[in-house]
Structures are given as C-alpha cells and as structure tokens.
Amino acid sequence: MVVFPNAKINLGLNIISKREDGFHNIESCFLPVPWNDALEIIPSDEFSFTSSGIDIPGSSSENLCVAAYHILAKEYSLPTVKIHLHKHVPIGAGMGGGSSDAAFTIKVLNSLFSLEMSEEEMENRARKLGSDCAFFIKNKPVVAVEKGDVFEEIAVDLGGKTLFIIYPEIHISTKEAYSGVVPRSHSRSMKEILSLPVDNWKDMLHNDFEDSLFPRYPALSNIKQVLYNHGAIYASMTGSGSALYGFFEGDNGLKGLFPKTSFKIINI
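Residues in the sequence shown are numbered from 59 upward in steps of one, following the working numbering.
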C-alpha cells in the first residue's frame with residue numbers, strides 16, 4: 059500500500075506555560091498542506107525500513123515509522139512488513155513531516171491488517187510518538203492546545219489565496235527552538251483571531267518562536283520581510299522553524315523570489 063503523508067503549517071503559535079512534565083502548553087492552528095512524502099508498506103518475510111530522497115539523520119531504528127510499527131506490532135501481534143519512505147518534506151522545518159510519516163504508518167497498518175481502530179484509537183497511539191503526530195490522523199484544520207495534541211476543529215477561510223512556503227536549508231531541532239522561548243499570556247485567543255479575515259492577521263497572529271530564533275538566524279527574519287515586501291497578506295515562520303510562508307492574492311513572480319531555496323506554491 060502506498061500513501062502520501064502531507065506536511066502542515068502553523069497559523070500562529072503561542073507558548074503559554076512550562077509544564078511539570080517538561081513540555082510546554084501551546085496554542086496553535088495546524089493547517090494541512092500538500093507538500094508530501096511517499097510511504098509504501100507491504101507484507102514481507104522479515105521486517106525492514108529503507109528510505110530515499112532527503113537524507114534522514116540518525117539510524118533507521120530511530121525513525122518514527124519504525125516506532126509506529128513496533129507499537130502496533132506489540133499490541134496486535136502484526137506480521138513483519140517492508141517499509142520504504144521517500145522523503146520530500148524538509149526536515150527540521152517545523153512542518154511536521156516526521157510526525158505525518160508516523161501517523162500515516164499507523165493508518166496504513168490499520169487498513170492493511172484490518173485492525174478496525176477508530177480515529178480516536180489511532181490518535182491515542184500516535185500521541186505516544188510525538189506531540190503533533192495525532193493531528194495527522196484526521197488531518198483537518200484544528201486549534202491545538204496543551205502539548206499540541208488536544209484538538210478542536212476549526213474552519214479557516216483561505217479560499218482563493220496562494221500559499222508560498224520556503225525552506226531556507228536551516229535545520230532547527232525542537233530542542234534548540236524551545237531552549238530560547240519565554241512563555242507568556244496572550245490577550246486574544248487563536249480562534250478569535252482566525253475568525254477575522256486574513257488581512258487582519260499581520261498585527262495579531264504571532265509565532266512566539268520567532269522572538270528567539272530570528273535574532274539567532276537573521277536569514278529567517280529577512281525572508282519574512284521579503285515576503286511582505288512582495289505583497290504577502292500574512293507571513294510567518296511555521297512551527298519551531300525554519301520554514302516560512304506567506305499568503306498572497308496571486309502567484310505572479312513568486313517563483314523568482316528564492317530561486318536557490320526549496321519552495322512550494324499552493325493555490326488554496
């Protein structure tokens with residue numbers, strides 16, 4: 059079975075407080091976007107994991123797809139499989155690529171072996187793998203709170219807009235990103251801001267990671283400014299970085315803005 063795990067972007071990201079378990083309470087809107095990996099899982103006489111495309115750091119035994127398989131294999135006594143992942147979503151970009159791969163592994167195994175898990179049951183397994191893994195089970199726009207794994211679906215009106223995502227080839231680990239954040243209270247809720255037209259978001263919708271990462275990586279701040287200079291209605295870094303994005307009314311000239319950088323243009 060072959061599937062195409064997609065990425066996500068964050069519309070705003072508030073770091074609210076530090077938790078006793080070492081994580082942070084956040085508030086953010088997760089929006090699925092069609093920048094995809096390719097994942098194939100087939101029954102096999104022995105278990106194996108291989109990958110192609112973008113080089114994945116670490117050993118294959120540490121990959122989240124492998125971890126997802128072992129969680130279900132232990133619970134359901136699954137037969138062995140062969141997993142191949144073609145990596146296309148940038149790594150260390152704040153786009154949830156690895157989390158998506160893990161969630162899609164759970165969904166494929168559920169279908170392939172007729173495990174009959176509900177979406178809620180699959181989300182619970184995905185939560186064991188990472189804070190935003192569970193999001194990719196239902197894969198719909200949500201406001202995410204607590205560790206980023208408790209969701210409320212939300213309708214976001216972006217019809218007719220062009221989304222331009224840029225990955226500046228800067229890898230930022232989650233650990234590095236969180237090391238510089240200062241939790242704070244926020245005067246407006248994410249739902250309240252997102253109910254307004256996109257034109258109003260610029261001065262209201264903020265990613266708190268930008269405050270510490272932009273001084274450390276000036277190229278990120280520069281990219282955001284270039285997006286606004288070329289007519290972005292709203293621009294931001296996504297997740298813990300380093301990818302940035304902007305919403306535009308059209309896509310004229312966008313391909314020429316960052317010719318040496320990985321990017322994706324999406325008509326919403």
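Every residue, glycine too, gets a C-beta built ideally from N, C-alpha and C.
The shortest CA-to-CA distance from phenylalanine 105 to any of Leu71, His128, Pro276 and Phe62 is the one to His128. When rounded, the separation of the alpha-carbon atoms in phenylalanine 171 and leucine 136 is 8 Å. By the C-beta density criterion, methionine 175 is buried, having at least 16 other C-beta atoms within 10 angstroms. In the DSSP assignment, asparagine 83 falls within the unbroken beta strand (DSSP E) covering 82–94.
Phenylalanine 222 and alanine 160 have their C-alpha atoms spaced approximately 25 Å apart. Taking 4 residues as the minimum length, the alpha helix (DSSP H) runs contained wholly in the stretch 149–201 are 155–170, 177–185 and 193–196, in order along the chain. Cβ contact annotation for glutamate 268 (same chain, cutoff 7 Å, sequence separation greater than five): Met295, in chain order.
For methionine 262, the CB contacts under 8 Å within the same chain, skipping 5 residues up- and downstream, are Arg246, Ile251 and Leu254 in chain order. One Cα belongs to proline 92, the other to lysine 66, and the distance between them is close to 8 Å. Around the CB of tyrosine 286, fewer than 16 other CB atoms lie within 10 Å, so the residue is classed as exposed. Measuring C-alpha to C-alpha distances from alanine 213 to each of Leu71, Phe88, Phe81 and Lys233 identifies Phe88 as the nearest.
The stretch 226–237 and the stretch 294–311 touch, with three or more beta-carbon pairs separated by less than 8 Å.
With at least 16 other beta carbons inside 10 angstroms of its own, proline 199 counts as buried. Exclusion of the five residues before and after leucine 187 leaves Leu122, Ala125, Ala126 and Ala160 as the residues of its chain whose Cβ lies within less than 7 Å of its Cβ. Checking the DSSP bridge columns, you'll see serine 75 partnered with Asn83.
In this structure, Ser158 is the residue among Thr138, Glu133, Tyr134 and Ser158 with its C-alpha nearest to the C-alpha of lysine 145. Every alpha helix (DSSP H) of 4 residues or more that sits fully in the stretch 275–300 is shown, in chain order, as 276–287. Here methionine 153 is not near lysine 165, since their CB atoms are 8 Å or more apart. Between phenylalanine 209 and alanine 293, the alpha-carbon positions lie close to 24 Å from each other. With 16 or more other Cβ atoms inside 10 Å of its own Cβ, glutamate 85 counts as buried. Per DSSP, the beta-bridge partners of lysine 145 are Gly111. One Cα belongs to glycine 218, the other to phenylalanine 305, and the distance between them is close to 10 Å. Each residue's CA atom was taken as its position, placing isoleucine 100 and leucine 130 some 15 Å apart. Exclusion of the five residues before and after alanine 184 leaves Ala160, Ala161, Ile164, Cys191, Ala192 and Ile195 as the residues of its chain whose Cβ lies within less than 7 Å of its Cβ. Counting along the chain, valine 208 sits inside no alpha helix (DSSP H); it lies in the beta strand (DSSP E) bounded by residues 208–211.
In its chain, beyond the 5 residues on either side, Phe306 and Glu307 have a beta carbon closer than 8 Å to the beta carbon of glycine 289.
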